[in-house]
Amino acid sequence: MFDFSDYRLWLAGAAAALLTGVAKSGVPGLGILAVPLLAMALPAKASVGAMLPILICGDVLVLARFRRHAQWSQIGRLLPWVALGMAGAYFALGRLDDRAIRPLLGALVLAMLLLEIIRRRLSWERLPHHPVFVGGIGAASGFATTMGNAAGPIMNLYLLARGLTKETFVGTAAWYFFIVNFAKAPIFAARGMITRESLLFDLAVCPLVAVGTWLGARLLRRLTPTVFLAVVFVLTAAAALRLLWP
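So in the working numbering, spot 223 of the sequence shown is number 231, and the numbers just go up one at a time.
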């Protein structure tokens, strides 16, 4: 499964690690582009399993810088619903083909992006605080992250709707994904998606995550709030379209 003599595997892994680092510390939404990139060099489920340690590495590095910039109330209200979504995904992983799931995730993300655009146009300020909205975001995020490490766009929309500053956005997302990604590890191991081979591969490419976080932190300082918002929206839409047409 992991042909370590294939240069395409290493190119995909290096790019995925760099993109993850930049996304975690500078441009949220960019990281999901790493998922299909790695899937071009590995079978779908193997690529999802290989991505998880890369993501956790990025979480740890970003927390070293932004750990104090977090709103724990935003995380706490989501976690019970996230657990529900993860439980559903655990059973789906044993029954559904990955190619059937990705278009579903893409459609879900696009629907939430459209909802956020409508919310902003019509000034629905109470929507992000509604229990149904919070529960739906949490369950969708738990399902998407377990099925394909694809919760980034969903969480981006949720945090944007909460009106967080750039630093608080990054810090809150970092803590959230640190908790959720560690919780996913036993699920992936139980489904055979994390193996000795995948861990050796991750060990080799993870140093590039540090390079990506260094680049992303510098990019974050140069983005105005308006540009930051536009970048997140555009990359979220692009990632959703990429899931629809893998």
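In this text, a Cβ means the ideal position worked out from N, Cα and C, and glycines have one as well. From a predicted model like this one, the values you see are computed outputs, not experimental measurements.
Three-state secondary structure (DSSP) of residue i
{"i": "residue 105", "result": "coil"}
{"i": "residue 50", "result": "coil"}
{"i": "residue 229", "result": "helix"}
{"i": "residue 59", "result": "helix"}
{"i": "residue 188", "result": "helix"}
{"i": "residue 86", "result": "coil"}
{"i": "residue 34", "result": "coil"}
{"i": "residue 291", "result": "For the chain, the structure presents residues 9 to 254; residue 291 sits outside this window and is missing."}
{"i": "residue 22", "result": "helix"}
{"i": "residue 69", "result": "helix"}
{"i": "residue 125", "result": "helix"}
{"i": "residue 172", "result": "coil"}
{"i": "residue 11", "result": "coil"}
{"i": "residue 64", "result": "helix"}
Beta-carbon proximity list for residue i, same chain, < 8 Å, skipping 5 on both sides
{"i": "residue 224", "result": "29, 30, 31, 32, 33, 34 and 35"}
{"i": "residue 17", "result": "10, 11, 49, 50 and 209"}
{"i": "residue 68", "result": "186"}
Selected residue, minimal CA-CA separation from residue i, among the options
{"i": "residue 178", "options": "73, 157 and 211", "result": "73"}
{"i": "residue 122", "options": "17, 199 and 165", "result": "165"}
{"i": "residue 71", "options": "62, 186 and 14", "result": "186"}
{"i": "residue 129", "options": "169, 76, 183 and 111", "result": "169"}
{"i": "residue 246", "options": "155, 67, 114 and 154", "result": "114"}
{"i": "residue 95", "options": "58, 25 and 155", "result": "155"}
{"i": "residue 243", "options": "183, 201, 188 and 158", "result": "158"}
{"i": "residue 203", "options": "55, 176 and 108", "result": "55"}
{"i": "residue 90", "options": "235, 184 and 99", "result": "184"}
Own chain residues within Cβ distance below 6 Å of residue i, not counting five before or after
{"i": "residue 173", "result": "none"}
{"i": "residue 199", "result": "101"}
{"i": "residue 93", "result": "147, 150 and 151"}
{"i": "residue 23", "result": "45"}
Presumed contact (8 Å Cβ cut-off) between residue i and residue j, rounded CB distance
{"i": "residue 250", "j": "residue 41", "result": "7 Å"}
{"i": "residue 142", "j": "residue 86", "result": "7 Å"}
{"i": "residue 64", "j": "residue 190", "result": "7 Å"}
{"i": "residue 19", "j": "residue 220", "result": "Not a contact, Cβ separation roughly 15 Å."}
7 Å Cβ shell around residue i - same chain, five flanking residues per side excluded
{"i": "residue 180", "result": "78, 79, 82, 83, 167 and 172"}
{"i": "residue 229", "result": "none"}
CB contact check: residue i to chain C, cutoff 8 Å
{"i": "residue 112", "result": "Of the protein chains in the structure, only one exists, and it is not chain C."}
Is it the case that the segment 213-222 contacts the segment 190-199, given that we only count it when at least three CB pairs across the two stretches are under 8 Å? In short, these stretches do not touch, since the Cβ pair count stays below three.
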